[in-house]
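When the letters of the sequence shown are read in order and numbered with my numbering, they come out as residues 10 to 131.
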Amino acid sequence: MKLGWQDFPGAPPLGKVICAVSDIPRGSVLAVLLGEYPVLVLSVGAQINVFVNACPHHFLPLDQRSKCILSTDGRRLMCSNHLAEFNSSDGQGVTGFGIGTCLAAVPSHQKDGLLIVGDAGV
Ligand code: FES
10 MKLGWQDFPG APPLGKVICA VSDIPRGSVL AVLLGEYPVL VLSVGAQINV FVNACPHHFL
70 PLDQRSKCIL STDGRRLMCS NHLAEFNSSD GQGVTGFGIG TCLAAVPSHQ KDGLLIVGDA
130 GV
């Protein structure tokens, strides 16, 4: 079963500020709690991606056992619980318990140096 970002409890409203763009580290992942709603923010090339921090295997935070969840080339996120891997570009599961699943992507856009929930113009 594939869950969308708004299917998780505490999903933020469109327009909610996630973080300052300058807070997003290169070559690493920023974990942010929007109230009770956990997200992972990462920059992939020129793109910034946001995913719900819930592995579709058991819906545990990907970084629960280790904060080092991004591959050195930045192309894959690895769940620290049972090592499922996901493409950092689209969240698609590519190995282990990730196969056939997908991380829930949270739409976002940048405005005035902030990363904001929802597509631009919403
Ligand atoms: S909870 Fe992520 S691989 Fe099991």
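By construction, the Cβ of each residue, glycine as well, lies at the ideal position given by its N, Cα and C atoms.
Secondary structure of residue i, DSSP reduced to three states
i	result
F17	coil
G100	coil
V126	strand
F68	coil
Extent of the continuous beta strand (DSSP E) to which residue i belongs
i	result
A40	39-43
L23	Counting along the chain, L23 falls outside any beta strand (DSSP E), and DSSP gives it neither H nor E.
H118	117-120
L49	46-53
R74	Note, R74: premise wrong, no beta strand (DSSP E); not H, not E.
V30	Here V30 belongs to no beta strand (DSSP E), and DSSP marks it neither H nor E.
Contact check, residue i vs residue j, beta carbons under 9 Å
i	j	result
P21	G36	no
V38	P47	no
H118	G105	no
P65	K120	no
S31	G122	yes
_Three-pair Cβ contact test at 8 Å for the region 20-33 versus the region 79-93_ = no
*Segment contact flag, the region 47-62 with the region 95-102, C-beta cutoff 8 Å, min 3 pairs*: yes
*What is the chain-ordered set of residues for which the beta carbon lies under 7 Å from any non-hydrogen atom of the ligand FES?*
C64, H66, H67, L69, L71, C88, N90, H91, L92, A93, G105, F106, G107
*the region 58-73 contacting the region 113-127, beta-carbon criterion three pairs below 8 Å*: yes
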